[in-house]
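Protein chains in written order, with the numbering used here: chain A, 1 to 456; chain B, 457 to 912. Glycine included, every Cβ here is placed at the ideal spot set by N, Cα and C.
Protein chains: 2
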Amino acid sequence: MNDAVDASSPFDPAEFAAALAQEHVADIVERLNAEPLERASAVLSAMPLERAAEVLDEPGLEAAADLVESQPSERAITLLKALSADQRADIFRHLGAPARERLLSQLDAETRTSLVQLLSYPENTAGSIMTTEFVSVPSSWTVGETLRHIRAVESTRETIYAIYVLNPKTKALIKAVSLRRLIVSEPHVSVLSIAPPRRPVTVSPFADREEVARLISKYDLLAVPVVSRGGHVLGIVTVDDIIDAIVEENTEDVQKFGGMEALDAPYMDIGFFEMIQKRAGWLCVLFVSEMLTASAMQHFQDELQKAIVLTLFIPLIMSSGGNSGSQATSLLIRAIALREMRLRDWWRVALRELPTGLTLGAILGLLGIMRIALWQKLGLFDYGEHWLLIACTVGAALVGIVTFGSLVGSMLPFILKRIGFDPASASAPFVATLVDVSGLVIYFSIALVFLRGTLL
Amino acid sequence: MNDAVDASSPFDPAEFAAALAQEHVADIVERLNAEPLERASAVLSAMPLERAAEVLDEPGLEAAADLVESQPSERAITLLKALSADQRADIFRHLGAPARERLLSQLDAETRTSLVQLLSYPENTAGSIMTTEFVSVPSSWTVGETLRHIRAVESTRETIYAIYVLNPKTKALIKAVSLRRLIVSEPHVSVLSIAPPRRPVTVSPFADREEVARLISKYDLLAVPVVSRGGHVLGIVTVDDIIDAIVEENTEDVQKFGGMEALDAPYMDIGFFEMIQKRAGWLCVLFVSEMLTASAMQHFQDELQKAIVLTLFIPLIMSSGGNSGSQATSLLIRAIALREMRLRDWWRVALRELPTGLTLGAILGLLGIMRIALWQKLGLFDYGEHWLLIACTVGAALVGIVTFGSLVGSMLPFILKRIGFDPASASAPFVATLVDVSGLVIYFSIALVFLRGTLL
């Protein structure tokens, strides 16, 4: 990544900054992310103020809070004032308490008030990711007046592609108009007359960012206004913020599905102990639950003693249950997240998973019976005189366990949602653990039926 | 979803269509998706042509191809002509061969040529999701001329927020200008003079849509131009198309991580046999691989016979390896997808996972030893006179297996990428299966060391 900087020559931040002058701000951010904090801070100091503000305004900049803190106090304040409101709030969220207090006290009253308001919204809500720099006009204005206003305020607005039309008296939101509509309309007509007939799509500041993403994606919006109960526009969430949020949510979902707490930073930036902490929690919970398998097997120890051949297939049978469960869970997590399915649809899913599980179990069961018969006939292993009964036990157990796995795996996201958890907490290891204990019980129960009087 | 239609009254498509007249087109699509094809088709026929085209233009409409096919031939052609090029191509991709031929032959030559070109790009490439309706102007124009042109062609363009400035002679792309820059600039200046200094971000028509998503997200673009080798703009991919693509890719990633082939339709819309097909493939592959566990156990059958107590902990130990592997895989799949990590960084990851795995294994190992000691001391189960040795065997095996699981799980995505597969094919069940066989071997080898001369 450092191809523009020769590692052997002494590091010159001014030179580095000058080399970046023509680059896209997103590329500068990528380069700064690859540098240690000290160097990145020196480069930022060497940049013209406006450019430095652009860099700090990028959500992709990893150590933004540390970088602001490392700048001289006066420059830090000037930079903070130049940032968009959402990015400023995000940087404050990551500042240490002393720096936060110090910088907050030096900001002008207006910026401070808006900042404190943004910081008051819980993480991952619309309020916490919105910005307050949007364009709004009274409904009494014409298209021409609106365009003139847009030209005047453009440089201080996050987006000018959506314009919010307010009631001149109450300041409540009436309509949203696109810049596209504005520029193709006659200048003298009322801005209200060119607005679409329906009422605008809005969200509450407390809406989850996933809900905001769903609305922006569904209605193909470039921005969605965040509206108070009284109908006032508090801010907007723009499409580029929401793409970042969607990508972040995905990473969290995959990590959670892998059976761990979601990391909130790139893999290489997480400290050793934090990594252990994020992973050990679920591993221990799963381990303790899985201890039930030892208890189950202790319960069947007499059977095990008599028919040691049964143990040979325990891993095979248990993993098949876990695998089918994992498939079903991944399907339902996404179906629920995409709103294809509501809580009340659980029985439809169960009715689908039952025949699906039976069929998949039958396929694996046949494979299992063939494997045992083949090894026996080819003389690769001797399962004893009752090998056919053993093969049937394994086959029947597979049907039972795969069906059970599919049912448990598909119902788990519904159950989690019902009791108020995120359906995406239903990880593959979680399902496998749930299925393992019951899988053992199913296997031994079937063995007792098939093999009583012969092996057992 | 059908709250506007009384189920007991006879279904009147015209009434249904009229009731939807004021709704947002995305909401109409949601309602039509919930109706059977016949009804949806009747409603579409009852809509004014322009509205029907708007509905068909939504990527969220599930049975778009069937709906077009069900319209009278002439209306179908008029509707197809009114659609945006990318959605038209998408509908053609889903049409049956006879309908495709029939409709293609009725289209005018220009539309047909553009359509055939779009259909020639492989699925999920930039070419296959781009649209050809963009705004381009020669670099010799002024801002005022450009704005007049935009006003004239606005209604036939997918987006007007990005304007592509072409070399008047070669028609090759020189710059991209935002509408935002245009409307705040003086009408008489050259459009080239207000363009940003850097060259525009572009993609090849054969770039993967994930790459397009990464660029749009990184550079906060509203659209990215798809450019031929000769530098000509073939089309554009807009941010709303890319959000749909990102959401779809996520769904595929979660389903693949769950150990199945990705579905290309909502859960409830997949037929029974297709569902079996998507799930049985991986289940069978995993099952056959997992058969190696039976072989491994057959290999250790003498040890099993002598120390049946060892079997009690097989599921516990194996699942711990699978769980730690699943965590590591989920971490690395995302880190690679987000380009936090390149192929050559594999050794850094291995160096991190080694101590992480050892620590996590030690934690679980301690828990395991405590569990055995506790049951023994409390008299819940008698592990025999050598219980302490057994506990140490289990503890040491856990350290070995969790470390091994973390290493295998973290390296698997790298290996898959190296041999040309999608790192996201590394599913949780896949890792668990890989770890299971070696886990058994590790367990029994440690047991041989610890218990030789006593139990074995």
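Would you kindly work out how many angstroms separate the C-alpha atoms of residue i and residue j, rounded to a whole number?
i: D468/B; j: L551/B; result: 27 Å
i: L448/A; j: G368/A; result: 19 Å
i: L79/A; j: A52/A; result: 7 Å
i: K256/A; j: H688/B; result: 44 Å
i: V189/A; j: E601/B; result: 23 Å
i: F134/A; j: V224/A; result: 11 Å
i: R344/A; j: A350/A; result: 11 Å
i: L458/A; j: G365/A; result: The requested residue 458/A is not part of the displayed model; chain A covers only 1 to 456.
i: A791/B; j: A426/A; result: 21 Å
i: A307/A; j: S324/A; result: 27 Å
i: L332/A; j: G361/A; result: 19 Å
i: P187/A; j: S193/A; result: 12 Å
i: W141/A; j: H149/A; result: 10 Å
i: T132/A; j: S185/A; result: 27 Å
i: D700/B; j: S501/B; result: 27 Å
i: P869/B; j: S611/B; result: 46 Å
i: S540/B; j: A521/B; result: 14 Å
i: A396/A; j: V402/A; result: 10 Å
i: E211/A; j: D696/B; result: 16 Å
i: P672/B; j: V309/A; result: It should be pointed out that residue 672/B corresponds to Ile in this sequence rather than to Pro. Rounded to whole angstroms, I672/B to V309/A spans 58 Å at the Cα level.
Does any residue of chain B bring its CB to less than 7 Å from the CB of residue i?
i: E290/A; result: yes
i: A428/A; result: yes
i: E154/A; result: yes
i: T251/A; result: yes
i: V254/A; result: yes
i: F134/A; result: no
i: N2/A; result: Because N2/A sits at a pLDDT of 43, beneath the cut-off of 50, its placement in the model cannot be relied upon, and the point is left open.
i: Q71/A; result: no
i: Q22/A; result: yes
i: I308/A; result: yes
i: M47/A; result: no
i: Q376/A; result: no
Along chain B, in chain order, which residues have C-beta atoms closer than 7 Å to that of residue i?
i: T293/A; result: P771, L772
Residues of chain A with CB closer than 7 Å to the CB of residue i, please, in chain order.
i: S673/B; result: I243, D244, V247
i: A482/B; result: K218, Y219
i: N779/B; result: G259, L283, L286, P429
Measure how close the beta-carbons of residue i and residue j come, nearest whole angstrom, since I'm counting them as under 8 Å.
i: V203/A; j: A126/A; result: 5 Å
i: I630/B; j: V593/B; result: The Cβ separation is near 11 Å, so there is no contact.
i: Y161/A; j: Y617/B; result: 6 Å
i: L690/B; j: M586/B; result: 7 Å
i: P885/B; j: G715/B; result: 4 Å
i: L374/A; j: Q754/B; result: Not quite, the Cβ-Cβ distance comes to about 14 Å (not below 8 Å), so this is no contact.
i: L316/A; j: E746/B; result: 5 Å
i: I276/A; j: T785/B; result: Not quite, the Cβ-Cβ distance comes to about 17 Å (not below 8 Å), so this is no contact.
i: N250/A; j: N706/B; result: 5 Å
Consider the Cβ of residue i: report whether some Cβ of chain A lies at a distance smaller than 7 Å.
i: I616/B; result: yes
i: R654/B; result: yes
i: R543/B; result: With the sequence shown as reference, residue 543/B is identified as Gln, and Arg is not the correct amino acid for it. Judged by the 7 Å Cβ criterion, Q543/B is not in contact with chain A.
i: R613/B; result: no
i: T587/B; result: no
i: T567/B; result: no
i: Q431/B; result: This structure leaves residue 431/B out entirely; chain B is present only between 457 and 912.
i: D696/B; result: yes
Listing by chain order, which chain B residues have their CB less than 8 Å from the CB of residue i?
i: G144/A; result: Those do not exist, as G144/A stays about 12 Å from chain B at its closest Cβ, beyond 8 Å.
Can you pull the chain A neighbours of residue i, defined as C-beta to C-beta under 8 Å?
i: S782/B; result: G258, G259, S427, A428, P429
Would you say residue i touches the ligand ZN, meaning its beta carbon is less than 6 Å from a heavy atom?
i: D513/B; result: Absence of the ligand ZN is noted for the structure shown, with no ligands found whatsoever.
Listing by chain order, which chain A residues have their CB less than 9 Å from the CB of residue i?
i: E518/B; result: What E518/B touches in chain A: nothing, since even the nearest Cβ is about 10 Å away.
i: R556/B; result: The premise fails here: R556/B is roughly 27 Å from chain A at the closest Cβ pair, so nothing lies under 9 Å.
i: S776/B; result: L283, L286, F287, E290
* Near-chain B residues of the stretch 267-287 of chain A (beta-carbon distance less than 8 Å), N- to C-terminal order -> Y267, M268, F272, M275, I276, R279, A280, W282, L283, C284, L286, F287
* Asked: For the stretch 785-802 of chain B, which residues have a beta carbon sitting closer than 9 Å to at least one beta carbon of chain A?
  -> T785, S786, L787, L788, I789, R790, A791, A793, L794, E796, M797, D801
* Asked: Taking Cβ-Cβ distances below 7 Å as the criterion, which residues of the stretch 853-872 of chain B are in contact with chain A?
  -> none
* Asked: Taking Cβ-Cβ distances below 9 Å as the criterion, which residues of the stretch 219-230 of chain A are in contact with chain B?
  -> Y219, D220, L221, L222
* **Residues in the stretch 835-848 of chain B having any Cβ partner in chain A nearer than 8 Å** => F837
* Asked: When Cβ atoms are compared, which residues of the stretch 180-198 of chain A fall closer than 8 Å to chain B?
  -> R180, I183, V184, P197, R198
* Determine which residues of the stretch 805-819 of chain B have a Cβ less than 8 Å from any Cβ of chain A, and write them out in chain order. => V805, R808, P811, T812, T815, L816, I819
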